[in-house]
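Start counting the sequence shown at 1; every next residue gets the next number (UniProt numbering).
Positions of the beta carbon are idealized from the N, C-alpha and C atoms, including for glycine.
Quantities reported herein were computed from a predicted structural model and do not represent experimental measurements.
Report on the following structure.
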Amino acid sequence: MSELFYRWVLPLSAAGALAVLACLALSPLLNKLRPAARARALAAAFPFFLVPVGPVLALLFAAKPAPVTAPLAPVGQALDTAARTAQSAAPATLPAAAAAAAPAADPAALVLAALPWIWAVGAVACTLWQWGRYLCFVRGLARLSASVEGEREALWQEVCAQAGVARAPRLRACPGLSGPVMAGLVRPVLYLPEGMDLGRLELALRHEAAHLSRGDLWAKALVRWCCRLHWFDPLCALHAARWSRACEYACDEKAAAGLDDSRRKAYGLLLLDAAQSRPLPAGAAGLGGSKKELQARLAALLHPAVPGRRLTAGVAVALAAALCLSACAAAGLSASETPMSAPVSSASPQPLTGGEENTSAPESEPETTPLPLPMEEPAEKPELQEGETEVKWEHWTEAIVAQTDYTQDDSLPFDTYVLEREPRNGAEEVSGWAFYNEQGVVTRREPLDRVELQPAVQGVGRTNGEPVTNLAANDLTGFAWPVPEYIEVSRWKSNYHKGADLKAPYGSEVLAMASGTVTMAQWHYSYGNVVMIDHGDGLSTLYSHMSSMDVAVGDKVAQGQQIGAVGSTGNSTGNHCHVEVCKNGVLLDLHDYFPDA
C-alpha cells in the first residue's frame, strides 16, 4: 500500500495539479474559445492524473531518462524519503523478549505509514457513498416510471438521428421531474417529466442527444473515477467541475445550433426552469444546476463567442507548450532523483530467527542511518580534452576490495591456508563526469563524490607459506541463467542501460547465477526489490524489480537457488528482472556470455 500511494498516487496527483495550474494560467485565453474546443482543452489535463509521466517518456524514448537537475527534484526526493520511512515503520513480528525491549516508533514515521491507509479508506468511502446515492436514485426512478411510446418516442428517435446518435436510449416517463434525466452507462435510460409539451420537450431532448453524440457519459464516468482516486486533491475536484461546466456549454451550443432567436429564448427559459430542480447524484445527467451557472449558460447561448482561427491556433499552441512543460516537470519528480547505479544500502535490521528465549539483557539495536542520495550534477561542466566530444554526469558502482589478514601457522601443510572468515567485497557509489569520444565510448572518468553502499568485510585466515586465492573465476564460465521462464530479453546492456532486462511472467523464479554471499537484499526507490550477491574476487551480480525476495543479507546461496520472483517494483515498466554483472567496478555484458539468449 505504501508503494502504491507514494510511488504512484502522490506523483500522479502532483503531475495533475501542475497540468491544472497550467490550464488556470491560460484561463483568459481558454475562455475565448468555442465551448466544444474549451472542453477538449480542459480535458487534456486529466491524463496527468491517471497516466504516470516518467514511464511513458521512458517508453517513448526507449531508454531510461538520464539524471537531470530539475526544480521539482526536492519534491521527488521528499516522496521517496516518505515512502522509505513509511515502509520502515511497518510492524514486524518480533520475539517476546525483543518486543519488550523495542523502542517507541517515530511519530512522523507512524503518520507516514498511516497516510496510505487513510487514502485507501477515503477512496473506498467516496466510491461507496456515490454508488449508494446513485443506486437509490435509479431504483426510485425505475419504480415510479413507465414506458413511453407514441409521439414522444418518435420525437426522440428523430432528435437522435439529427444528432448522429446511432442507438437511442430507452424512454421512460416519471412524475416529479422538472426536465429529462439520463441514467446508466452501458445501457442508458432517459427519464422524461410528465406533462411537458412537445415544443419544450424537443429542446430538452436536443440537449441530451448532444451529450450522447459527444460521448460525455463515458468521459464523465472516467473523470468521476479520477476524482475518487484523488479525493484529497482539491485541484482535481476544481478542474472536474470546470470541465463539466464546459461540457454543458458545448451541449447548449450544439443543441441550439440551427434554432431561430425565438426558439433560442425558449431554450434559455428551459434552462432557467431547470435551475429550480434538485442536484442529481453522481452518474445521472440532466439540465439541472445552480441558478448562477445556468444564467451564465443562458448569456453564452444568446451571445456566443466567435473566435478567429488565429486565436484558436494560438491558444492550442500555448496549451500544448504549457502541458509539455508540465509533463517535463512531473517527470522530474521521479527521473531527477533516479540513480543509474547500484541501489543504495541502508543499515537495515538483520532478520530475526526463532530459537530459545534469551534471558540475558537485550542488546541495544543498531541505529539506522538515512539512505544517502547520489550527488547532484554541478552547474558547471569541465572542459573537454582532445578527442572528446561529450561529457555527462553519471553515477556508477565500484567495488571496495576486501583484504584478508593471514597469520602464520606452522602446523598447516606448506603452501596451504585456512580461511576462518571469508573476505567480502564492499561497494561504493561514485558520482562524477564521464567523457565520451565520437564513437560514444567512455575515454575517462572524473569522480567527484563517493558514497559507501556496503562496507568491505576483512577476511581472517591462517597460512603456512604464501597464501593463494582460490575464489571465483574471472569470468562467467559455468554461470547459470537467472530466469529460466523468461520470454525474451527486452533490453541488453548499452551506454544508456546498465544490464539486461529479462521479461518473464509475474512470479517466475529468479535464481542465483552462481554461489556466493548475499550482500544486499532490500527495497530501493529505483530498483524496487533488489538482491546483490558477492561471488568473490570482485565479481558480483544484481537482480532487481522483483516482486518478492527469498534471501537476506549474509545468506550463503548456492548456484540455482531461488532468491526471489519476477515483478515490476521500483522504477519499472512491465514484469521483468533487471540483471547486472560487475567485475571490480566494471559492468559486464551478459550477452557476451549468453549469446544465444
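Simplified DSSP state of Glu-253, which is helix, strand or coil: helix
Please report how far the alpha carbon of Arg-563 lies from the alpha carbon of Phe-137, in whole angstroms. The amino acid at residue 563 is misidentified as Arg; the sequence shows Ile. Ile-563 and Phe-137: Cα-Cα distance of roughly 54 Å.
Could you tell me whether the segment 448-460 touches the segment 543-552, using the rule of 3 or more Cβ pairs below 8 Å? no
DSSP on Ala-97, reduced to helix/strand/coil? Bear in mind that a pLDDT of 39 at Ala-97, under 50, signals an unreliable position, so the number given afterwards is only what the model happens to contain. Ala-97 falls in the helix class under three-state DSSP.
Excluding the 5 residues flanking Pro-413 on each side, which residues of the same chain have their C-beta closer than 7 Å to its C-beta? Asn-464
Please state whether DSSP places Ala-426 in a helix, a strand or coil. The sequence given here places Gly at residue 426; Ala does not occur at that position. If DSSP states are grouped into helix, strand and coil, Gly-426 belongs with the strands.
Between the C-alpha atoms of Arg-170 and Asp-216, what's the straight-line distance to the nearest angstrom? 17 Å
Under the three-state reduction of DSSP, which class applies to Tyr-593: helix, strand or coil? helix
Taking the alpha helix (DSSP H) that Ala-17 belongs to, which residues open and close that run? 10-25
Please go through the same chain and pick out, in chain order, the residues whose beta-carbon is closer than 8 Å to the beta-carbon of Ala-163, but skip the five residues on each side of it. Arg-206, Ala-209, Ala-210, Leu-212, Ser-213, Lys-254
Measuring CB to CB, does residue 632 end up less than 8 Å from Ala-256? In this structure the chain extends from 1 to 597, so residue 632 is not present and cannot be described.
Looking at the structure shown, is Gly-465 part of a helix, part of a strand, or coil, going by DSSP? coil
Reducing DSSP to helix, strand and coil, say where Ser-168 ends up. In the sequence as presented, Ser is not what sits at residue 168; that position holds Ala. The answer is coil: DSSP assigns Ala-168 none of H, G, I, E or B.
Using a 10 Å radius around the Cβ and a threshold of 16 neighbouring Cβ atoms, would you call Leu-270 buried or exposed? buried
Out of Gly-570, Ala-514, Pro-505, which has the shortest C-alpha to C-alpha gap to Tyr-525? Gly-570
Would you mind sorting Asn-575 into buried or exposed? The rule is 16 or more other CB atoms within 10 Å of its CB. buried
Keeping to the same chain, check which residues put their C-beta closer than 7 Å to that of Tyr-506; ignore five residues upstream and five downstream. Ser-547, Val-566, Gly-567, Asn-575
Determine the DSSP secondary structure at Trp-433, reduced to helix, strand or coil. strand
If you draw a straight line from the C-alpha of Asn-425 to the C-alpha of Val-531, how long is it? 15 Å
Along the beta strand (DSSP E) that carries His-230, what are the first and last residues, could you check? Note, His-230: premise wrong, no beta strand (DSSP E); not H, not E.
My guess is that Gln-408 and Gln-458 are in contact by the Cβ rule of under 8 Å, so how many angstroms apart are they, rounded? About 17 Å; that fails the 8 Å criterion.
Count the other CB atoms, across all protein chains shown, that sit within 10 Å of the CB of Trp-117; report buried if there are 16 or more and exposed otherwise. exposed
Where Ile-533 falls, given that 16 or more other Cβ within 10 Å makes a residue buried: buried
Measuring alpha carbon to alpha carbon, tell me which of Leu-222, Thr-416, Phe-479, Asp-260 ends up nearest Pro-47. Leu-222
Closest by CA to Gly-195, which one among Pro-175, Arg-444, Lys-503, Leu-29? Pro-175
For His-239, the nearest candidate out of Asp-410, Val-186, Phe-49, Ser-178 (CA to CA): Phe-49
Give a yes or no on whether the C-beta atoms belonging to Arg-172 and Val-159 are separated by under 8 Å. no
Identity of the residues DSSP links to Tyr-417 by a beta bridge: Thr-463
Would you report the Cα separation of Leu-384 and Cys-582, rounded to the nearest angstrom? 28 Å
Compute the Euclidean distance between the alpha carbons of Gly-516 and Gly-560, then round it to the nearest angstrom. 11 Å
Can you tell me whether residue 635 is helix, strand or coil according to DSSP? In this structure the chain extends from 1 to 597, so residue 635 is not present and cannot be described.
Secondary structure at Ala-512, three-state DSSP: helix, strand or coil? coil
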